Amino acid sequence: MPRLEVELAGLRLRNPTVLASGVLGLSAGLAKRVEEAGAGAFTTKTVTREPRRGYPNPTFVVLEHGYLNAVGLANPGIDYFCRELREMRQRLSIPIILSAGGGSAEELVEVAKRGVECGAQAVELNVSCPHVSGMGVELGHRAEEVASAVGEIKRLGVPVFVKLSVHHDYIRLAEACLDAGASGFTAINTVRGMAIDIYARKPVLSNVYGGYSGRAIKPIAVRVVYELYEAFPDAPIIGVGGVDGWEAALEFILAGASAVGVGSEIARKDLGLFKEILEGLEEYMEREGFNSIEELVGLAHRS
Ligand SMILES: Cc1cc2nc3c(=O)[nH]c(=O)nc-3n(C[C@H](O)[C@H](O)[C@H](O)COP(=O)(O)O)c2cc1C
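Heads up, the sequence shown is in the numbering used here, so the first residue is 524 and it goes up one at a time.
Encoded structure:
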């Protein structure tokens with residue numbers, strides 16, 4: 524039988540699938556269902572220092588080829604979320620990655636510290652959400668500030684991933700973060716977009732702009748993963764964007780991802796998507812003569 528286990532910056536994953544941030548990531552009950560569905564690791568929704576209400580509805584639109592959302596990083600704040608993290612840690616055996624958000628390096632560090640105290644086994648810095656002013660992409664443009672947060676969080680002794688966006692000079696940001704001790708990257712976050720209601724003659728989302736996700740962004744995400752692997756072949760990457768089955772997951776792995784995030788396509792396929800990906804990967808590996816996922820990582824660069 525081919526081996527699906529992978530190593531991701533020191534974390535042992537039973538397989539390369541990871542629940543992407545923001546999708547089912549706020550409660551221990553849902554986290555348990557994600558584990559039972561087969562995921563190799565679990566990323567929480569982005570949590571900030573203070574609670575955030577998020578934006579009024581509509582916040583999610585299903586489009587022909589993808590999804591547009593502007594939830595506005597709604598979350599209960601790290602103090603409250605700590606209880607949930609503790610319960611997650613008790614109930615789950617897969618690694619829990621805390622997605623930390625904030626408007627400054629200081630805030631990211633505070634959230635990460637509290638989260639690690641409460642059981643998170645890795646931290647992902649969301650410096651790439653495209654629709655919340657003062658944080659997300661805006662913070663990601665300040666590479667030195669993000670790098671300083673990475674340096675501090677690294678001292679907590681857990682892997683630190685930086686979540687990147689196409690709206691950044693992501694190679695420069697990645698380099699600054701690696702110099703500061705980042706363990707790896709998650710690529711990509713949603714792409715800034717909007718939709719207009721032609722009868723109301725105004726933007727559909729209450730926030731006007733949102734993040735575009737799903738199958739339509741997959742070629743963009745694969746390209747970013749490919750470029751990151753080319754530039755930093757030793758830095759592990761979680762490839763995210765439009766994974767809707769095993770073929771898409773495999774594209775990311777061949778581009779250089781050690782693990783693959785699964786996000787909005789769960790809305791269409793339900794949690795059964797994890798099993799579908801794992802079974803497909805296993806069959807492919809048997810058919811094509813590969814013994815482990817690790818043999819496939821970055822293979823598209825060698826052809
Ligand atoms: C409804 C929704 C909420 C999201 N919330 C977050 C979030 O809180 N933090 C984050 O880093 N990414 C968030 N994302 C982005 C996803 O983690 C992922 O990077 C992006 O959607 C691309 O992957 P996908 O096409 O598989 O969804 C969210 C995406 C969606 C659709």
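For each residue, glycine too, the CB sits at the ideal point set by N, CA and C. Just so you know, these numbers come straight off a predicted model, no measurement behind them.
Terminal residues of the continuous beta strand (DSSP E) containing residue i?
i, result
"residue 736", "733–736"
"residue 535", "534–536"
"residue 568", "Unbroken run through residue 568: none, as it is neither H nor E."
"residue 762", "760–763"
Is any heavy atom in ligand 1 found nearer than 7 Å to the beta carbon of residue i?
i, result
"residue 583", "yes"
"residue 788", "yes"
"residue 590", "yes"
"residue 652", "yes"
"residue 519", "Look at the range of the chain in this structure, 524 to 826, and you will see that residue 519 is not part of it."
"residue 748", "no"
"residue 731", "no"
"residue 736", "yes"
"residue 798", "no"
"residue 547", "no"
"residue 706", "no"
"residue 557", "no"
Would the beta-carbon of residue i fall within 8 Å of that of residue j?
i, j, result
"residue 803", "residue 762", "no"
"residue 676", "residue 637", "no"
"residue 823", "residue 751", "no"
"residue 734", "residue 623", "no"
"residue 598", "residue 557", "no"
"residue 568", "residue 545", "yes"
"residue 827", "residue 669", "Lying outside 524 to 826, the shown extent of the chain, residue 827 is not represented and no answer is given."
"residue 756", "residue 821", "yes"
With a threshold of 7 Å on Cβ separation, who are the neighbours of residue i within its own chain once the five nearest residues in sequence on each side are excluded?
i, result
"residue 612", "619 and 642"
"residue 686", "647, 648, 649, 650, 651, 709 and 712"
"residue 695", "666"
By Cβ distance below 6 Å, which residues in the same chain neighbour residue i in space, the five residues on each side in sequence not counted?
i, result
"residue 773", "none"
Taking 8 Å as the limit between beta carbons, can you name the residues of its chain near residue i, skipping five residues before and five after?
i, result
"residue 740", "589, 711, 713, 714, 764 and 765"
For the alpha helix (DSSP H) that contains residue i, what are its first and last residues?
i, result
"residue 771", "769–778"
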